[in-house]
Amino acid sequence: MCNLYSHTRNVEAMRKLFAKFDDAGANLPVQPGIFPDYDAPIIRNGDGGARLAMTRWGMPSSKKAIFDAATARADKLRAKGKEVDFDLLLRMEPDKGTTNVRNTSSSHWKRWLGVESRCLVPFTSFSEFDWGSKQDVWFAFGDDRPTAFFAGIWAPQWTSVRKIKNGEETADLYAFLTTEPNAEVGPIHPKAMPVILTTPEECEAWMTAPWEQARVLQRPLTDGSLQIVARGVKKDGETA
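Here the working numbering = 1-based position in the sequence shown + 7.
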């Protein structure tokens, strides 16, 4: 599961892979460490075409996941002899968001697989945690860390509780797809890697093609494409 990545380049670097978007004059911050629930730039489809926007990382989790979490919380409260208003507890159950989407056949995710809900998530490197050495391992397309995109989906103006102390919040949310790992990522994280788009043709297809065509992009990156550029740090590429 990829829960940490960096983006340290500018808008023009994005345009080398996907030129047709409105950047609204954006001056993007350098983000050497993007964690779940952070705001980060995505190029997202919407009314009027593709547009660059800062968006919150973590799509809505499934109703079942939230229901199960609320049930577990209610059981703990009842075990302490406390009365529980389950409907209220369920409504206020925190959903930290789902950062990676693997099962695109799930009814929960199907609603966001259409063109209108797709986005490109720019990155310059990404991290997978190595449980053997207990450290983050960073992957990129080279020491110069050129821009590429994760294949993402997004949801506009979603209301949920991210943190109990903040209560209900409404925000635009995003996540990106994952797939089987390639030869470089597999030894570190044998279960999955992000779906990565590396050519203008792939980016165009992700943003415009019907799902029946775009779904073929949910595949591992070609072996030999990535290299390890850093280890043991929570931020990468601050000077990239």
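For each residue, glycine too, the CB sits at the ideal point set by N, CA and C.
Please read these numbers as outputs of a predicted model, since none were measured by experiment.
Option in ARG222, MET8, ASN10, GLY88 with minimal Cα separation from VAL122
ARG222
Count the CB pairs spanning the region 158-165 and the region 180-189 that are closer than 8 angstroms, and state whether there are at least three.
yes
For LEU127 and ARG16, the rounded distance between their alpha carbons:
15 angstroms
Residue interval of the alpha helix (DSSP H) (run including ALA199)
Segment: none, ALA199 is in no alpha helix (DSSP H) and carries neither H nor E.
For the beta strand (DSSP E) containing VAL236, name the first residue and the last one.
234-238
Which residues does DSSP list as the beta-bridge partners of ASP137?
GLN142
For THR166, three-class secondary structure by DSSP:
strand
Please classify ALA26 as buried or exposed, where buried requires at least 16 other C-beta atoms within 10 Å of its C-beta.
exposed
Where do the ends of the alpha helix (DSSP H) carrying CYS210 lie?
207-215
Would the beta-carbon of PRO153 fall within 8 angstroms of that of MET21?
no
Smallest Cα separation from THR229: which of VAL240, ALA212, PRO201?
PRO201
Thinking just about the alpha-carbon of each residue, which of ASP44, ALA212, MET61 is nearest to the one in ARG125?
ALA212
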